[in-house]
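Protein chains in written order, with our numbering: chain A, 1 to 179; chain B, 1001 to 1309.
The C-beta atom is built at its ideal place from N, Cα and C for all residues, glycine as well.
As the structure is a computational prediction, the values presented were derived from the model and not from experiment.
Notes follow the structure.
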Amino acid sequence: MSKKVLLNSKEIEIILHRLACQLIENHNDFSNTALIGLQPRGSFLAKRLASILTNDYHVKNIPLGLLDITFYRDDFRRRDEPLEATDTQIDFLIENKNVVLIDDVLFSGRSVRAGLTAIQSYGRPKNIELLVLIDRRFSRHLPIQPNYKGRQVDAIDKEKVIVHWKESHTKDGIYLENK
Amino acid sequence: MKQLSVEHLLGIKYLNKNDIDLIFETANHFKEVINRPIKKVPSLRDITIANLFFENSTRTKLSFELAEKRLSSDIINFSASQSSLKKGETLIDTVNNILAMKVDIVVMRHPNVGAGVFLSKHIDAKIINAGDGTHEHPTQALLDSYSIKEKLGSIKGKKIVIVGDVLHSRVALSNIFALKLQGAEVKVCGPTTLIPKHIESLGVKVETNIQKALEWCDVANVLRVQHERMDVKYFPSTREYTQLFGINNEILDNLGKKITIMHPGPINRGVEITSEVADSNQSIILNQVENGVAVRMAVIYLLAQQIKR
């Protein structure tokens, strides 16, 4: 099993700042925008982006929610391992808001599909955008493309993209693992 | 990853502590779901559930039905009063006919003890016991424990008294199993005629004085006097029962502490509990009903997870 570094912590930092600036470009002061991280792994990215926007770019009061999609997945009972739910924390309505769904790796697009269904339980958003850190091209099962992407990766099926965050691991890093 | 250790929910007796923790954890997520603007998830779209009620029920049936609908499953309902049972059909025949309609999960209430266990041995579907005679009512005990945990933070070490008709109560037996499993201290209190012999063997203590029982406890789970199951007189009159075991504001005010009052419903207002107590802020009776939906969603979801196509 080999492991290759795709992005180191410095590169991730630069990319996160670029994504934050792109969000500001489209959403100005975020007065009608909500960031929604897809649980569990998208939440690290969503929280990090929100803190960069607040601390480095002085955007105030960004609504940040975390959305669990377990009950909306289409592979319930089709996996060998049972699915485990995580918390949903959305304490605002998204009716008529611009929603940015955030996840770390875009692979088949099925999680995002589940997220699109799940988010409707909180109202009818004005529009929904997708932000991902890693976009794995050529692996999509569904017609879903990101509006913002950190880095595009051409990985073959037996390779796996591993994302480490300093919040859950010791340091930031993105690796390509050969299974 | 976590999964229930059982294939059916026939009684609390068959569960272990991890199962209960898993059900509560999952119920937390569903409680959040049922408080959303749109209270529905699509998880069980391809699952069909039969609700077989061979005995009358209002809230359990409604609660199961709502839980099933919130999970997007298809439902068929059956009540004994309108069925072919009256024409002499056996339980297995009735159920097999229903299963021929490709049902995945059966929720059953039956007047006979062990009906769920019997069925689980003969048919190929997940069985959820919604009450079998005077034996067990596992989802009620789970939602009771869940409600206590929600109110008091934990169950371990808490003192719970079950008041009333323990002899005829499936809620009492399931509650005793569930509470003991989670480390609570349990007492039962009622007329000696309504306390089963040898109940101490389940690790509970018996108290016949309601005042003492309430002074001891953190939570009182008050049971309904089940007139319909009493073929002989167990106490001289309802009025005497109310005087000796009825819970009213006067008793509660003299305790010097606030205890939590629960009741599985339906309430005989003015018999085992007065209206003021039932509607007071010490009572969590309506929380029990809300939690019932979340807990039943969790049980159904976790059992459905084991079904492979």
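Open item on the list: Any C-beta of chain A within less than 7 Å: which residues of the segment 1039-1062 of chain B qualify?
Closed with: Hits within the stretch, in order: 1041, 1042, 1043.
Open item on the list: Does residue 10 of chain A pass the burial test, meaning 16 or more other C-beta atoms within 10 Å, or should it be called exposed?
Closed with: Start at 1 with the first residue of the first sequence, and residue 10 of chain A comes out as number 10. Burial check for residue 10 of chain A: the Cβ neighbour count within 10 Å stays below 16, so the residue is exposed.
Task: Spatially closest choice to residue 1027 of chain B from B:1152, B:1288, B:1104, B:1119, by CA coordinates - done: On the second sequence, residue 1027 of chain B is found 27 positions in, with the first residue counted as 1. Measuring from the Cα of residue 1027 of chain B, the nearest candidate turns out to be B:1288.
Task: Chain-ordered residues of the segment 21-48 of chain A with a beta carbon less than 8 Å from chain B - done: Correct list: empty, as no residue qualifies.
TODO: Could you pull out every unbroken alpha helix (DSSP H) segment of at least 4 residues lying fully inside the segment 1069-1099 of chain B, listed in chain order?
DONE: Annotation note: the segment 1069-1099 of chain B contains the following uninterrupted alpha helix (DSSP H) runs of length 4 or greater, listed N- to C-terminal: 1091-1099.
Open item on the list: Using only CA atoms, which one of B:1137, B:1025, B:1154, B:1043 lies nearest to residue 1061 of chain B?
Closed with: Locating residue 1061 of chain B in the second sequence gives position 61, counting from the first residue. The option with the nearest alpha carbon to residue 1061 of chain B is B:1137.
Open item on the list: Per the DSSP calculation, residue 103 of chain A is bridged to which residue(s)?
Closed with: Translated into positions along the first sequence, residue 103 of chain A becomes position 103. DSSP output for residue 103 of chain A lists A:132 as bridge partner(s).
Task: Whether residue 92 of chain A touches residue 59 of chain A by CB criterion (7 Å) - done: Counting from one through the first sequence, the residue named residue 92 of chain A turns up at place 92. Counting from one through the first sequence, the residue named residue 59 of chain A turns up at place 59. No, they are not a contact pair.
Task: Of the listed residues B:1266, B:1306, B:1309, B:1180, nearest to residue 1056 of chain B (C-alpha basis) - done: Locating residue 1056 of chain B in the second sequence gives position 56, counting from the first residue. For residue 1056 of chain B, the closest of B:1266, B:1306, B:1309, B:1180 by C-alpha to C-alpha distance is B:1266.
Task: Host beta strand (DSSP E) of residue 1297 of chain B (start-end) - done: Taking the first residue of the second sequence as position 1, residue 1297 of chain B is located at position 297. For residue 1297 of chain B, there is no enclosing beta strand (DSSP E); the residue is found in the alpha helix (DSSP H) stretching over 1285-1304.
Task: Residues near residue 1127 of chain B by beta carbon distance below 6 Å, same chain, minus five either side - done: As a first step, residue 1127 of chain B is located in the second sequence; it is residue number 127 there, counting from the start. Around residue 1127 of chain B: 1008, 1106, 1116, 1119, 1120.
Task: Test: residue 50 of chain A CB closer than 7 Å to a CB of chain B - done: For the purposes of this step, residue 50 of chain A is taken as the residue at position 50 of the first sequence. No - not a single Cβ of chain B is within 7 Å of the one on residue 50 of chain A.
Open item on the list: From the DSSP secondary-structure annotation, give me the bridge partner or partners of residue 1159 of chain B.
Closed with: Translated into the one-based positions of the second sequence, residue 1159 of chain B becomes position 159. Answer by DSSP bridge pairing, in chain order: B:1185.
Task: Beta carbon of residue 1141 of chain B nearer than 7 Å to that of residue 1175 of chain B - done: For the purposes of this step, residue 1141 of chain B is identified with residue 141 of the second sequence, where counting begins at 1. For the purposes of this step, residue 1175 of chain B is identified with residue 175 of the second sequence, where counting begins at 1. For the 7 Å CB-CB criterion, residue 1141 of chain B and residue 1175 of chain B form a contact.
Task: One or two residues paired with residue 1179 of chain B in a DSSP bridge - done: Along the second sequence, read from residue 1 onward, the residue named residue 1179 of chain B stands at position 179. Here residue 1179 of chain B is not bridged, per DSSP, to any residue.
TODO: Classify residue 1132 of chain B as helix, strand or coil using the three-state DSSP reduction.
DONE: One-based indexing of the second sequence puts residue 1132 of chain B at position 132. Residue 1132 of chain B: strand per DSSP, three-state reduction.
Open item on the list: Using C-beta distances below 6 Å, list every residue in its chain close to residue 975 of chain B, excluding the 5 sequence neighbours before and after it, in chain order.
Closed with: Only positions 1001 to 1309 of chain B appear in the structure, and residue 975 of chain B is not among them; the question remains open.
Open item on the list: According to DSSP, is residue 1282 of chain B part of a helix, a strand, or is it coil?
Closed with: Locating residue 1282 of chain B in the second sequence gives position 282, counting from the first residue. The three-state reading of DSSP puts residue 1282 of chain B in coil, since its state is none of H, G, I, E or B.
Task: Reference residue 1191 of chain B; option with closest CA among B:1178, B:1240, B:1051, B:1277 - done: The residue you call residue 1191 of chain B lines up with position 191 of the second sequence. Out of B:1178, B:1240, B:1051, B:1277, B:1240 has the C-alpha closest to the C-alpha of residue 1191 of chain B.
Task: CA-to-CA distance, residue 1099 of chain B to residue 1076 of chain B, given in whole angstroms - done: For this step, residue 1076 of chain B is matched to residue 76 along the second sequence. For this step, residue 1099 of chain B is matched to residue 99 along the second sequence. The alpha-carbon atoms of residue 1076 of chain B and residue 1099 of chain B are separated by roughly 11 Å.
TODO: Answer with buried or exposed for residue 182 of chain A, where buried requires no fewer than 16 other C-beta atoms within 10 angstroms of its C-beta.
DONE: Because chain A spans 1 through 179 in this model, residue 182 of chain A falls outside it and cannot be assessed.
- [ ] Find out if the Cβ-Cβ distance for the pair residue 1048 of chain B, residue 1104 of chain B is shorter than 7 Å.
- [x] As a first step, residue 1048 of chain B is located in the second sequence; it is residue number 48 there, counting from the start. As a first step, residue 1104 of chain B is located in the second sequence; it is residue number 104 there, counting from the start. Going by C-beta atoms, residue 1048 of chain B is nearer than 7 Å to residue 1104 of chain B.
Task: Minimum Cβ-Cβ distance from residue 92 of chain A to chain B less than 7 Å - done: One-based indexing of the first sequence puts residue 92 of chain A at position 92. Closer than 7 Å: no.
Open item on the list: Using a 10 Å radius around the Cβ and a threshold of 16 neighbouring Cβ atoms, would you call residue 1211 of chain B buried or exposed?
Closed with: Taking the second sequence and counting its residues from 1, one reaches residue 1211 of chain B at position 211. Under the 10 Å beta carbon count, residue 1211 of chain B is surrounded by fewer than 16 other beta carbons and is classified as exposed.
TODO: Consider the Cβ of residue 1029 of chain B: report whether some Cβ of chain A lies at a distance smaller than 7 Å.
DONE: Translated into positions along the second sequence, residue 1029 of chain B becomes position 29. Interface with chain A (7 Å Cβ-Cβ cutoff): residue 1029 of chain B is included.
Open item on the list: Taking 7 Å as the threshold (beta carbon to beta carbon), is residue 1003 of chain B in contact with chain A?
Closed with: By 1-based counting over the second sequence, the position of residue 1003 of chain B is 3. Yes, residue 1003 of chain B counts as interfacial toward chain A.
TODO: Would you mind giving the Cβ-Cβ distance between residue 1221 of chain B and residue 1144 of chain B, rounded to the nearest angstrom? I have them listed as a contact below 8 Å.
DONE: Counting from one through the second sequence, the residue named residue 1221 of chain B turns up at place 221. Counting from one through the second sequence, the residue named residue 1144 of chain B turns up at place 144. Confirmed, about 6 Å.
Open item on the list: I need the DSSP call for residue 10 of chain A, collapsed to helix, strand or coil.
Closed with: As a first step, residue 10 of chain A is located in the first sequence; it is residue number 10 there, counting from the start. Helix, per DSSP.
Task: Unbroken alpha helix (DSSP H) run spanning residue 118 of chain A, endpoints - done: Position 118 of the first sequence, counted from the start, is the residue given in the question as residue 118 of chain A. Counting along the chain, the alpha helix (DSSP H) containing residue 118 of chain A begins and ends at 110-119.
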